[in-house]
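Let me begin by presenting the structure, written as structure tokens, before commenting on it.
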Amino acid sequence: MKFLYEPAGLAREYAALAINLYTGCTSGCTYCYAPSILHRPPSQFHAAANPRPNILSHLESDLLTLHSGAPSLKHLRSTPVLLCFVCDPYPADSQATTAALRMLSSYRHPVTILTKNPSRCLERDFNLIYDNPSWTLAITLTSISPDATTREPGAEPPFSRIAALKSAYSAGIKTWASFEPIFSRDECLESLTAALPYLHGAAFGLLNHHGQPAVDPLPLMRDISRACTFTPSFKSSFFKGDTHAPR
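If you're matching positions, the sequence shown starts at 349 in our numbering and goes up one per residue.
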């Protein structure tokens with residue numbers, strides 16, 4: 349497989365299988381690590397989100413390979429595909445995402461959609477997600493403070509993300525959130541408190557590749573555990589110490 353891939357290192361904690369559909373990301377996050385690992389200037393990377401060349405035909409080829417019956421790939425056939433690590437799957441024009449989801453649905457392959465634009469996601473692809481009970485809608489939340497709009501100028505505002513999460517949760521769709529990167533204890537816990545009633549799971553990770561002081565993870569982990577204890581629908585969470593994680 350060439351475009352479906354198995355993430356390595358800490359990223360694998362989020363997903364054992366992933367695909368990146370676009371060549372850039374217009375969310376414009378100031379903390380984004382993608383330009384550095386792709387060796388592209390941030391201004392260029394954030395200028396446009398165009399589908400990767402022939403991405404749909406490559407995905408079709410990879411799905412044929414994955415579901416061909418090869419014993420070496422058996423462990424991946426029920427592994428959710430994460431959309432996406434280095435781009436948001438819902439830019440202004442997300443036709444490639446819808447087409448990719450239809451293709452994944454035709455193979456009955458599980459999917460996790462991770463986006464900062466969940467309202468677009470539900471507006472455009474609600475039926476696809478609803479009709480696939482193994483699929484998960486996930487959002488990224490770094491803060492619900494006004495700072496979030498300056499850190500993520502091209503993304504949907506945080507409270508709109510939470511409202512979309514609530515809609516998905518109320519419809520019976522599995523939900524999840526990435527609280528990463530964590531800029532401060534208070535921002536993390538405020539965001540978690542706001543989203544927690546509509547979550548089945550979450551992941552947490554520190555900001556530690558911008559030279560900023562790290563939040564002490566052990567007290568924060570205890571605070572997170574206490575916050576989640578009395579939410580019956582909340583099933584699982586994990587804490588990573590690095591921010592090389594999805595968008």
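Ideal placement from N, C-alpha and C gives every residue a C-beta, glycine not left out. Every value quoted in this text rests on a predicted model; they were computed, and no experiment measured them.
Item                                                                                                                                                       : Value
For the alpha helix (DSSP H) that Ser454 lies in, which residues bound it at each end?                                                                     : 443-454
For the alpha helix (DSSP H) containing Ser384, list its first residue and its last residue.                                                               : 382-386
Give the secondary structure of Ile367 by DSSP, where H, G and I count as helix, E and B as strand, and everything else as coil.                           : coil
Should the segment 429-439 be called in touch with the segment 367-377, which here means at least 3 C-beta pairs below 8 Å?                                : yes
Relative to the C-alpha of Pro565, which residue among Ala575, Leu554, Ser573, Ser526 is closest?                                                          : Leu554
Taking 7 Å as the cut-off, is the C-beta of Ala382 nearer than that to any heavy atom in the ligand ADP?                                                   : For the structure depicted, the ligand ADP is absent and the ligand set is empty, with no information on it obtainable.
Tell whether a beta-carbon distance below 8 Å holds between Thr605 and Thr427.                                                                             : Any property of residue 605 remains undetermined from this structure, which presents the chain solely from 349 to 595.
Could you say which of Pro567, Leu430, Pro419, Thr541 lies nearest to Ser482 if we only look at CA atoms?                                                  : Leu430
Determine whether the beta carbon atoms of Leu547 and Ala575 lie at a separation below 8 Å.                                                                : no
Let me check one thing: in DSSP terms, what residues is Trp524 bridge-paired to?                                                                           : Ala486
Which whole-angstrom value is the C-beta distance of Ala550 and Ala525, which I expect to be below 8 Å?                                                    : 5 Å
Could you tell me the boundaries of the alpha helix (DSSP H) in which Thr497 lies?                                                                         : 495-499
Going along the chain, which residues of its own chain have a beta-carbon closer than 7 Å to the beta-carbon of Pro389, five neighbours each way excluded? : Pro383
Less than 8 Å between the beta carbons of Ile530 and Phe552, yes or no?                                                                                    : yes
Can you give me the start and stop residues for the alpha helix (DSSP H) that Thr413 sits inside?                                                          : 403-414
Apart from the five residues just before and just after Ala503, which ones in its own chain have a Cβ nearer than 6 Å to its Cβ?                           : Ser375, Lys464
Is the beta carbon of Lys350 less than 8 Å from the beta carbon of Asp410?                                                                                 : yes
Using DSSP bridges, identify the partner residues of Leu540.                                                                                               : None; Leu540 has no bridge partner.
Cα separation between His394 and Leu386?                                                                                                                   : 12 Å
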